[in-house]
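In UniProt numbering, the protein residues as written are 1 to 225. Here's the structure, in structure tokens; my notes come after.
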């Protein structure tokens, strides 16, 4: 079990570079909780306090972000290995920004926030990895904010998706009214409709009533940014 866990965790950015000796020492001091969840289970809930780091070791999860103020829902799919919102563990609002559900049967390992402060923080490699994860996210979000309403309609739609997605790749589904999307990107409904239909003709998205399915966001980004 330890060999498998060691290999899986070392694939995650937070643990990359740790030697086996350091990892063995961590295992002796940090209480790891192993769990298995059947498909459909909720692992973390949007708006609830983030008090632990949860690692998806096996299986696929999907995130569901609800923006009640602007009337849309965004779904993202993630394969393992994956860590859930390490950037939400600290700060002024240490809450999950999305709900996470098991899309398939999954295996997880988690540990409490207190162990991050008392034990893991002793390892310089872990500190650097954590800082890099948080800094990269902050820098990417800052860069995307500048592009929110810049460019033509296609670029604005693509930037809208990039800004709100955790990762700029993979499968996404956005449930939104076309007029709401037009308002959010400061454009007209007609322009948004034309561009979305063009995306669909190019095989980049699939349109349903009040829903935009993006099989691979990276392909859309590559073509329209």
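A virtual CB, placed ideally from N, CA and C, is assigned to each residue, including glycine. Note that the structure is predicted; figures quoted are calculated from it, not measured.
Query, Result
"Quick check: is any heavy atom of the ligand SAM less than 7 Å from the C-beta of residue 25?", "Absent from the structure shown: the ligand SAM. Ligands present: none."
"Between the alpha carbons of residue 3 and residue 121, how many angstroms are there, rounded?", "Low confidence applies here, because residue 3 scores a pLDDT of 49, under 50, leaving its location unreliable and the question unanswered by this model."
"So, is residue 49 buried or exposed, given that buried needs 16 or more other C-beta atoms within 10 angstroms?", "exposed"
"Could you give the DSSP three-state label for residue 41: helix, strand or coil?", "coil"
"Closest to residue 138 by CA distance: which of 125, 85 and 180 is it?", "85"
"Nearest-angstrom Cα distance between residue 1 and residue 188?", "Any reading at residue 1 needs caution, since the residue's pLDDT is 44, under 50, leaving its predicted position unreliable; the model's value is listed next. Distance between the alpha carbons of residue 1 and residue 188: 55 Å."
"Give, in chain order, every unbroken run of the beta strand (DSSP E) that is at least 3 residues long and sits entirely within the segment 151-175.", "172-175"
"Check for me: the beta strand (DSSP E) holding residue 111 runs from which residue to which?", "106-112"
"Contact between the segment 24-31 and the segment 40-56: three or more CB pairs below 8 Å?", "no"
"Using a Cβ distance threshold of 8 Å, determine whether the segment 94-110 contacts the segment 130-137, with at least three qualifying pairs required.", "no"
"Under a Cβ-count criterion, where at least 16 other Cβ atoms within 10 Å of its own Cβ denotes burial, should residue 229 be classed as buried or exposed?", "Nothing about residue 229 can be read from this structure; the chain reaches only from 1 to 225."
"Decide if the segment 172-180 is in contact with the segment 70-78; the criterion is three or more beta carbon pairs, one per stretch, under 8 Å apart.", "yes"
"Secondary structure at residue 200, three-state DSSP: helix, strand or coil?", "helix"
"Taking the Cβ atom as the reference point for each residue, do residue 75 and residue 172 lie within a distance shorter than 8 Å?", "yes"
"For residue 194, collect the residues of the same chain with a Cβ closer than 8 Å to its Cβ; drop the 5 residues on either side in sequence, then sort them by chain order.", "153"
"Pull up the DSSP beta-bridge partners for residue 75, would you.", "64 and 173"
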